[in-house]
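What follows is a single structure, written as structure tokens, with notes after it.
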């Protein structure tokens, strides 16, 4: 059917491309962040950014249409759940109003220990998402703001979402991992390479937030000491604990998510806490980069597993 | 595929369009919780019409471009897509397919191989975190969604590549039609 020349050419082509891929893979893992292939990635991303940005805007109606269709299908189930939620919230409202009156009376006593809320003076820069990683294994997005807008590597990124308890909320979405003149790459907190130092509020139990690959609505808070009981529906924020390296740091107090489930094994030393992130990481269109570190604030370490 | 500047331009355009469309629109588009993946479809279509050498070349190029622009691990996509392109191309060379619905099966198999092999490579390389069972659901949905759009994607790819194809599978089908049984007496039984 084929002469030997054709067969040889076919095999050589396969062998060359497989060998090239493995060589690139090895070189990519071996080099630092400033190496040839990383620089090539940044250059290519910068070059293609205008095209991707235009395509992203042009195809937004298509995305919105499919989003609308999906939302309509989900709406029926959601409606049922929300009715139950309303019932629960009505009874909770009565309890909260009573608690608020009590809290007002107690506020004077605890004023000295007021918790810091969201970090102040962070100079947020709004950015539009222009590309997303196509794989669940690498949760990365690209935004249309870069070093020219004050964006730098390791700056935290926040995004909006919704919470059954609080309605519309915002929370930590990821951190900047690569910057060029007009674009930046954000590695989301659902990426397998990320771990964020975090603390459960108000109990104070500390641990490391890591993703569960494939499920962007579930994060894991690992390494929480078994002695410090974590309860459901509590809020998890960045802890502000410094690492040995002293860099790649998040400011203290950025909300991450709400505790949904706690696995407590008698044998285990640590608890395993499931968190639902406040940021809706599946529907990111606009994010904010916190381009300035709050003065005097603690920062949370980013752990690379 | 006839090796010519035109072939490179048409093949390159197809892959570039697929990668840009994937990164700019389809990656953010959740349909029933799954995602379309047109890059593997473009590679499979090119290999299906042009053979194994063009398929593996297209797989490598598309994977390289995808890793370059998506910020993923360089080399991982090109490794898997090279194998997918070669496999589809060999299937076309050995079986000489001509059935109009065959792209559906090719798309399903190519996508299944791509998502499974890519997951395996990613898992071996640097994913240290625990993996949710939803990954499996996403993979199955991606295969199903790709099957749904396979026919238009393959038809579009064929239209773009046809001027530079050495052999078009559907033209082969026409050449193999049964000889005429009707017509003037002297022509019956002859291929005219």
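Chains as they are written, first to last, in the numbering used here: chain A, 1 to 305; chain B, 306 to 497. Where is the CB? At the ideal position from N, CA and C, for every residue including glycine.
Quiz item: Is the CB of residue 45 of chain A under 8 Å away from at least one CB in chain B?
Solution: As a first step, residue 45 of chain A is located in the first chain; it is residue number 45 there, counting from the start. Residue 45 of chain A counts as touching chain B.
Quiz item: Got a sec, what are the start and stop residues for the beta strand (DSSP E) residue 260 of chain A sits in?
Solution: What you label residue 260 of chain A is simply residue 260 of the first chain in a count that begins at 1. Counting along the chain, the beta strand (DSSP E) containing residue 260 of chain A begins and ends at 255-263.
Exercise. Compare the Cα-Cα distances from residue 216 of chain A to each of B/443, B/358, B/451, B/462 and report the closest residue.
Key: Here residue 216 of chain A is taken as the residue at index 216 of the first chain, counted from 1. With distances taken between Cα atoms, residue 216 of chain A lies closest to B/443.
Quiz item: Rounded to whole angstroms, how far is the Cβ of residue 330 of chain B from the Cβ of residue 59 of chain A, which I believe are closer than 8 Å?
Solution: Translated into the one-based positions of the second chain, residue 330 of chain B becomes position 25. Translated into the one-based positions of the first chain, residue 59 of chain A becomes position 59. That pair is a contact at about 4 Å.
Quiz item: Does residue 342 of chain B get closer than 8 Å to chain A when you measure Cβ to Cβ?
Solution: Taking the first residue of the second chain as 1, we reach residue 342 of chain B at position 37. Yes, residue 342 of chain B counts as interfacial toward chain A.
Practice problem: Can you say whether residue 311 of chain B is buried or exposed, counting buried as having 16 or more other CB atoms within 10 angstroms of its CB? | Solution: For this step, residue 311 of chain B is matched to residue 6 along the second chain. It is exposed - the Cβ of residue 311 of chain B has fewer than 16 other Cβ atoms within 10 Å.
Quiz prompt | Simplified DSSP state of residue 223 of chain A, which is helix, strand or coil | solution = Translated into the one-based positions of the first chain, residue 223 of chain A becomes position 223. Note: residue 223 of chain A maps to strand in three-state DSSP.
Practice problem: Pick out whichever of A/182, A/280, A/131 has its Cα sitting closest to the Cα of residue 149 of chain A. | Solution: To locate residue 149 of chain A, count along the first chain from 1; it is residue 149. Residue A/182 is the option with its Cα nearest to residue 149 of chain A.
Quiz item: residue 16 of chain A: which of B/445, B/337, B/362 sits nearest, CA to CA?
Solution: Locating residue 16 of chain A in the first chain gives position 16, where the first residue counts as 1. Closest option to residue 16 of chain A, Cα to Cα, is B/362.
Quiz item: To which residues of the same chain is residue 417 of chain B closer than 7 Å at the C-beta, ignoring the five residues directly before and after it?
Solution: Here residue 417 of chain B refers to the residue found at position 112 of the second chain. Around residue 417 of chain B: 448.
Practice problem: Could you tell me whether the region 83-90 of chain A touches the region 350-370 of chain B, using the rule of 3 or more Cβ pairs below 8 Å? | Solution: no
Practice problem: Using a Cβ-Cβ cut-off of less than 9 Å, list which residues of the region 61-82 of chain A approach chain B; keep chain order. | Solution: 62, 63, 66, 67, 69, 70, 73
Self-check item: Partner residues on chain B for residue 59 of chain A, Cβ-Cβ distance less than 8 Å
Solution: On the first chain, residue 59 of chain A is found 59 positions in, with the first residue counted as 1. In chain order: 326, 329, 330.
Quiz prompt | Contacts that residue 461 of chain B makes with chain A (C-beta to C-beta distance below 8 Å) | solution = Walking along the second chain from the start, residue 461 of chain B turns up at place 156. Result: empty, since nearest Cβ-Cβ is about 16 Å, beyond 8 Å.
Self-check item: Three-state class that DSSP yields for residue 107 of chain A in the structure shown
Solution: Counted from its first residue, the first chain places residue 107 of chain A at position 107. With a pLDDT of 46 at residue 107 of chain A, under the threshold of 50, the predicted position of this residue should be treated as unreliable, and no value is reported.
Exercise. Say whether the region 207-216 of chain A touches the region 71-80 of chain A, bearing in mind that this needs 3 or more beta-carbon pairs closer than 8 Å, one atom from each stretch.
Key: no
Self-check item: Residue(s) in a DSSP beta bridge with residue 211 of chain A
Solution: Along the first chain, read from residue 1 onward, the residue named residue 211 of chain A stands at position 211. Paired residues: A/219.
Practice problem: Taking C-beta pairs closer than 9 Å, name the residues in chain A that residue 403 of chain B reaches, listed in chain order. | Solution: Translated into positions along the second chain, residue 403 of chain B becomes position 98. Here the premise fails: no neighbours, minimum Cβ distance about 16 Å.
Quiz item: What residues in its chain sit with their C-beta under 8 Å from that of residue 426 of chain B, if we drop five residues either side in the sequence?
Solution: In the second chain, counting from the first residue as 1, residue 426 of chain B sits at position 121. Closer than 8 Å at Cβ, skipping near neighbours: 381, 384, 385.
Quiz item: Cβ-heavy atom distance between residue 148 of chain A and the ligand SAM below 7 Å?
Solution: As far as ligands go, the structure on display features none, and thus does not contain the ligand SAM.
Quiz item: Would DSSP call residue 274 of chain A helix, strand or coil?
Solution: Here residue 274 of chain A is taken as the residue at index 274 of the first chain, counted from 1. Strand.
Practice problem: Reducing DSSP to helix, strand and coil, say where residue 293 of chain A ends up. | Solution: For the purposes of this step, residue 293 of chain A is identified with residue 293 of the first chain, where counting begins at 1. In this structure, residue 293 of chain A counts as coil in the three-state DSSP scheme.
Self-check item: Alpha carbon of residue 390 of chain B to alpha carbon of residue 291 of chain A, nearest angstrom
Solution: One-based indexing of the second chain puts residue 390 of chain B at position 85. One-based indexing of the first chain puts residue 291 of chain A at position 291. Going from the Cα of residue 390 of chain B to the Cα of residue 291 of chain A covers about 44 Å.
Quiz prompt | Spatial distance of residue 460 of chain B from residue 319 of chain B (CA atoms) | solution = Reading the second chain from its first residue, position 155 is the one you call residue 460 of chain B. Reading the second chain from its first residue, position 14 is the one you call residue 319 of chain B. Going by the C-alpha atoms only, they are around 12 Å apart.
Self-check item: residue 128 of chain A and residue 143 of chain A closer than 8 Å at C-beta
Solution: Along the first chain, read from residue 1 onward, the residue named residue 128 of chain A stands at position 128. Along the first chain, read from residue 1 onward, the residue named residue 143 of chain A stands at position 143. Their beta carbons are under 8 Å apart, which means residue 128 of chain A touches residue 143 of chain A by this criterion.
Exercise. Have a look at A/31, A/8, A/255 and flag the residue whose alpha-carbon is nearest the alpha-carbon of residue 171 of chain A.
Key: Locating residue 171 of chain A in the first chain gives position 171, where the first residue counts as 1. Nearest option by C-alpha distance: A/255.
Self-check item: Interface flag, residue 429 of chain B vs chain A, CB-CB below 8 Å
Solution: The residue labelled residue 429 of chain B in the question sits at position 124 within the second chain. False, the Cβ-Cβ gap to chain A never drops below 8 Å.
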